[in-house]
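Okay, structure first, notes after.
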Ligand code: ADP
C-alpha cells in the first residue's frame with residue numbers, strides 16, 4: 028500500500044506540489060495524469076525520497092525513508108540512470124547483491140527476455156539507446172520484486188513491443204497483489220490499464236476517477252480535458 032499524505036513541495040517560490048493526498052491499496056494500478064508541469068515528477072521524486080518536502084509518504088505503513096520502506100519501494104525514474112561501464116547483466120548482478128537476492132538469475136533472465144534485452148546482456152550501459160536504458164532501468168526496479176512500484180512516465184521512449192510487455196507485467200503484478208503507480212501526460216496511453224486515476228494540474232490533485240465509475244458519456248479522457256482545458260473541451 029502507498030499512502031501520500033499532504034505532500035507540499037516548492038522550488039524556491041514555485042509551488043510544484045500543493046497539498047496532495049491519496050492512497051493506493053495493494054492489488055491496484057493507479058495512474059497519475061496531468062499535463063507537463065502539473066507536478067507529477069515532483070510528487071513521485073518525493074515518494075522515492077529524493078527531495079525534501081512537507082507531508083508524509085508511507086510504504087506499507089512505514090515512512091518512506093526507513094530501510095524497510097526502501098526495500099519495499101521500487102522506482103523507475105523519468106530519465107534512466109544506468110551505469111556507463113557496467114553491462115546489462117552486471118546491472119542485474121549489482122541489484123541482486125545490493126538487495127541480497129537469492130536465486131535471482133532466472134528472474135533476471137526472464138525480465139530481460141520479456142523486454143527484449145536478453146540479446147543485449149553483454150552491452151555496456153553507455154552503449155545502449157535511450158529506450159534500451161529505459162528498459163534496463165525497469166528491469167532493475169522490478170528484479171527485487173518490491174511491493175510498491177512507482178514509474179515516472181515509463182512509456183515514453185519505449186517501442187510498441189516493450190509498451191505491450193510492460194503493461195502486461197504491470198497487470199500481472201497487480202493481480203499478484205502489488206501496488207503500482209505510473210505517471211503519464213498522455214491520456215490515451217493508459218487505455219484500460221488502470222484501477223484508479225488521479226488527475227493533477229498546477230500542483231494540485233483536481234480529480235479522482237475509479238475505473239468502475241467510467242461510463243460511455245463520462246470517460247476518463249473527457250474528465251481529463253475538462254480539467255486541463257476547461258469546460259470548452261466538453262462542447
Ligand atoms: P510534471 O512531472 O507533471 O511535468 P514537474 O513535477 O516536473 O511536473 O514540475 C512541476 C513544476 O515544478 C513545474 O512548474 C516545473 O517547472 C517546476 N520544477 C520542476 N523541477 C524543478 C526544479 N528542479 N527547479 C525548479 N522548478 C522545478
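In our numbering, the protein residues as written are 28 to 262.
Beta carbons are placed, not taken as given, at the ideal position from N, Cα and C, and that holds for glycine.
Predicted model, so just to flag it, every value in this text is computed and none were measured.
Checklist entry - With residue 51 and residue 100 assumed to form a contact (beta carbons below 8 Å), what rounded beta-carbon distance in angstroms separates them? => result Reading the chain shown from its first residue, position 24 is the one you call residue 51. Reading the chain shown from its first residue, position 73 is the one you call residue 100. The Cβ separation is near 12 Å, so there is no contact.
Item to check | Among 30, 185, 37 and 46, the one whose alpha carbon lies nearest that of residue 232 | outcome: One-based indexing of the chain shown puts residue 232 at position 205. Ranking 30, 185, 37 and 46 by Cα distance to residue 232 puts 46 first.
Checklist entry - Among residues of its own chain, excluding the 5 on either side of residue 89, which ones have a beta-carbon nearer than 7 Å to its beta-carbon? => result Here residue 89 is taken as the residue at index 62 of the chain shown, counted from 1. Closer than 7 Å at Cβ, skipping near neighbours: 95 and 96.
Checklist entry - Which one or two residues does DSSP pair with residue 101 in a beta bridge? => result Taking the first residue of the chain shown as 1, we reach residue 101 at position 74. Bridge partners of residue 101: 176.
Item to check | Nearest neighbour of residue 112, chosen from 151, 105 and 69 [CA to CA] | outcome: The residue given as residue 112 occupies position 85 in the chain shown. Selected option, being the one with the closest Cα: 151.
Next on the checklist: With distance defined between alpha-carbon atoms, name the residue in 188, 29, 209 and 41 nearest to residue 197.
Outcome noted: Residue numbering aside, residue 197 sits at position 170 when the chain shown is read from its first letter. Measuring from the Cα of residue 197, the nearest candidate turns out to be 209.
Checklist entry - Hey, quick one: how far does the beta strand (DSSP E) through residue 41 stretch, first residue to last? => result Residue numbering aside, residue 41 sits at position 14 when the chain shown is read from its first letter. Its beta strand (DSSP E) spans residues 41-51.
Checklist entry - How long is the line joining the alpha carbons of residue 172 and residue 139, rounded to whole angstroms? => result Position 145 of the chain shown, counted from the start, is the residue given in the question as residue 172. Position 112 of the chain shown, counted from the start, is the residue given in the question as residue 139. Approximately 14 Å, taken between the alpha carbons.
Item to check | Cα-Cα separation, residue 230 to residue 67 | outcome: As a first step, residue 230 must be located in the chain shown, where it is residue number 203. As a first step, residue 67 must be located in the chain shown, where it is residue number 40. If you take the alpha carbons of residue 230 and residue 67, they lie about 8 Å apart.
Item to check | Three-way DSSP call (helix, strand, coil) for residue 240 in this model | outcome: On the chain shown, position 213 is the one that residue 240 refers to. Three-state result, residue 240: helix.
Checklist entry - At what residues does the alpha helix (DSSP H) containing residue 115 begin and finish? => result Indexing the chain shown from 1 puts residue 115 at position 88. First-last of the alpha helix (DSSP H) with residue 115: 115-125.
Next on the checklist: Taking contact to mean 3 or more Cβ pairs, one atom from each stretch, closer than 8 Å, check whether the region 198-206 and the region 33-40 are in contact.
Outcome noted: no
Checklist entry - Using a threshold of 6 Å, is the CB atom of residue 63 nearer than that to any non-hydrogen atom of the ligand ADP? => result The residue labelled residue 63 in the question sits at position 36 within the chain shown. Because some heavy atom of the ligand ADP lies under 6 Å away, the Cβ of residue 63 counts as near it: yes.
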